[in-house]
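Visitor: For reference, the structure I am asking about is given below.
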Amino acid sequence: MTTTLDTLLNHVSVRALTPQALSSEQIHQLVTAAQAAPTASFQQSYSIIGVTDPDLRQQIAGYAGGQRFVATGGTLFIFCADLHRIQYLAQEQGVDLTETLTGIDATLAGTVDATLAAQNMAIAAESMELGTCYSGGIRDGIVDIAPLLDIPENVFPVLGLVIGYPQSRNALKPRLPFAAVYHENRYQSSESAILHHYDDQTNQYYAQRTGKTSPTTRRWSHTAIDSFRQHPRTFMQKFLNDHGLAKH
Numbered sequence: 001m002t003t004t005l006d007t008l009l010n011h012v013s014v015r016a017l018t019p020q021a022l023s024s025e026q027i028h029q030l031v032t033a034a035q036a037a038p039t040a041s042f043q044q045s046y047s048i049i050g051v052t053d054p055d056l057r058q059q060i061a062g063y064a065g066g067q068r069f070v071a072t073g074g075t076l077f078i079f080c081a082d083l084h085r086i087q088y089l090a091q092e093q094g095v096d097l098t099e100t101l102t103g104i105d106a107t108l109a110g111t112v113d114a115t116l117a118a119q120n121m122a123i124a125a126e127s128m129e130l131g132t133c134y135s136g137g138i139r140d141g142i143v144d145i146a147p148l149l150d151i152p153e154n155v156f157p158v159l160g161l162v163i164g165y166p167q168s169r170n171a172l173k174p175r176l177p178f179a180a181v182y183h184e185n186r187y188q189s190s191e192s193a194i195l196h197h198y199d200d201q202t203n204q205y206y207a208q209r210t211g212k213t214s215p216t217t218r219r220w221s222h223t224a225i226d227s228f229r230q231h232p233r234t235f236m237q238k239f240l241n242d243h244g245l246a247k248h
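Per full-length UniProt numbering: the sequence shown = residues 1 to 248.
Below is the structure:
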């Protein structure tokens with residue numbers, strides 16, 4: 001076991017995972033760790049779907065951009081913002097929460113709850129010397145993936161998290177400089193020199209990792225911009241509205 005700080009500072013995404021699934025005991029430990037995360041007003045507005053059916057995983061991976069680790073690595077967990085549970089209980093007690101639960105703030109609260117639970121699980125897994133990798137690609141295929149998982153109204157998949165046994169690990173990626181992310185008292189735009197220097201750092205990192213050099217293509221700013229450009233997900237608003245979420 002490592003210390004919590006060591007675990008956090010040594011995090012890397014591990015896509016090269018063996019096909020070995022987690023045991024039932026490990027899954028129980030990880031879900032329990034996820035449940036220990038903070039939650040807005042103790043609402044616990046999230047659910048975790050463990051995908052253990054190999055055929056179902058293949059289908060999900062296909063809709064999530066063909067990510068191999070989603071299809072075959074370790075065990076896949078899908079974290080959902082879940083307002084269905086409280087809606088059911090409110091209806092049972094004769095309370096109308098429609099106006100609240102269809103609003104953007106409730107959707108945000110559920111999203112934050114799900115994300116905090118996921119990160120708790122990831123930290124717990126890495127403390128157990130397991131590898132982890134998130135999949136935001138789940139949202140690329142959300143329209144097709146949701147029916148596969150029998151997602152009801154007032155629920156939506158936020159992200160996927162694959163946990164398993166590492167075959168290999170990449171070196172730590174350099175993060176943005178402290179001065180670029182920490183603002184004291186008021187927001188301050190980052191100086192271009194700081195960001196350009198970081199671009200050079202990330203380019204060097206990828207050159208060492210791949211053995212290939214490139215003047216621009218692996219700079220952080222280019223990859224970050226490309227990820228937004230390639231995944232606009234303009235369908236998300238309609239999906240959320242169709243599921244009774246973020247309507248106002």
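Even for Gly, the Cβ is constructed at its ideal location relative to N, Cα and C.
In this text, all values refer to a predicted model and were calculated from it rather than measured experimentally.
Beta-carbon within less than 6 Å of Thr39's beta-carbon, same chain only, minus the 5 sequence neighbours each way: which residues are those?
Guide: Reading the sequence shown from its first residue, position 39 is the one you call residue 39. If we look at Thr39 and ignore the five residues flanking it on each side, its Cβ neighbours are Asp113.
Visitor: Within 8 Å, do at least three Cβ pairs link the stretch 10-20 to the stretch 88-108?
Guide: No: fewer than three Cβ pairs fall under 8 Å.
Visitor: Counting Cβ pairs closer than 8 Å, one from the stretch 156-173 and one from the stretch 182-197, do we hit at least three?
Guide: In short, these stretches do not touch, since the Cβ pair count stays below three.
Visitor: With DSSP run on the structure shown, which of helix, strand or coil describes Phe77?
Guide: Here residue 77 is taken as the residue at index 77 of the sequence shown, counted from 1. Residue state, collapsed to three classes: strand.
Visitor: Do you know how far the Cα of Thr132 is from the Cα of Thr165?
Guide: Position 165 of the sequence shown holds residue 165. Position 132 of the sequence shown holds residue 132. A quick correction: the sequence has Tyr, not Thr, at residue 165. If you take the alpha carbons of Tyr165 and Thr132, they lie about 9 Å apart.
Visitor: Grab the span of the beta strand (DSSP E) containing Val155 for me, first residue to last.
Guide: The count along the sequence shown starts at 1 and reaches residue 155 at position 155. Start and end: 155-164.
Visitor: Assuming Gly137 and Gln67 form a contact by the criterion Cβ under 8 Å, report the distance between their Cβ atoms to the nearest whole angstrom.
Guide: Taking the sequence shown and counting its residues from 1, one reaches residue 137 at position 137. Taking the sequence shown and counting its residues from 1, one reaches residue 67 at position 67. With 8 Å as the limit, Gly137 and Gln67 qualify as a contact, their Cβ atoms being about 5 Å apart.
Visitor: Go through the UniProt domain "Nitroreductase" (11-165) residue by residue and report every complete run of the alpha helix (DSSP H) that reaches 4 residues or more, in order.
Guide: Taking only runs of at least 4 residues, the alpha helix (DSSP H) segments lying wholly in the UniProt domain "Nitroreductase" (11-165) are 24-35, 54-63, 68-72, 84-92, 98-101, 104-127, 142-148.
Visitor: Can you tell me which of the three DSSP states Lys238 falls into?
Guide: In the sequence shown, residue 238 corresponds to position 238, counting from 1. Correct three-state label for Lys238: helix.
Visitor: Between Arg233 and Arg139, is the Cβ-Cβ spacing less than 8 Å?
Guide: As a working mapping, residue 233 is identified with position 233 in the sequence shown. As a working mapping, residue 139 is identified with position 139 in the sequence shown. It is a contact, given that the beta carbons lie within the stated cut-off.
Visitor: Of the choices Ala64, Thr3, Gly74, Gly65, whose alpha-carbon is the least far from that of Ile27?
Guide: Walking along the sequence shown from the start, residue 27 turns up at place 27. Checked all of Ala64, Thr3, Gly74, Gly65; the closest Cα to Ile27 is Gly74.
Visitor: Does the stretch 146-154 come within contact of the stretch 77-89, defined as at least 3 CB pairs closer than 8 Å?
Guide: Touching, per the Cβ criterion.
Visitor: Can you tell me whether Ala64 is buried or exposed, with buried defined as 16 or more other CB within 10 angstroms of its CB?
Guide: Against the sequence shown, residue 64 aligns to sequence position 64. Result: buried.
Visitor: Classify Ser192 as helix, strand or coil using the three-state DSSP reduction.
Guide: As a first step, residue 192 is located in the sequence shown; it is residue number 192 there, counting from the start. Ser192 falls in the helix class under three-state DSSP.
Visitor: Taking 6 Å as the limit between beta carbons, can you name the residues of its chain near Thr102, skipping five residues before and five after?
Guide: Counting from 1 along the sequence shown, the entry for residue 102 is found at position 102. So the qualifying residues of the chain are Gly244, Lys247.
Visitor: Could you spell out the range, first to last residue, of the alpha helix (DSSP H) harbouring Thr223?
Guide: Residue numbering aside, residue 223 sits at position 223 when the sequence shown is read from its first letter. 220-230 is the extent of the alpha helix (DSSP H) around Thr223.
Visitor: Which of helix, strand or coil does DSSP assign to His197?
Guide: For the purposes of this step, residue 197 is taken as the residue at position 197 of the sequence shown. Three-state result, His197: helix.
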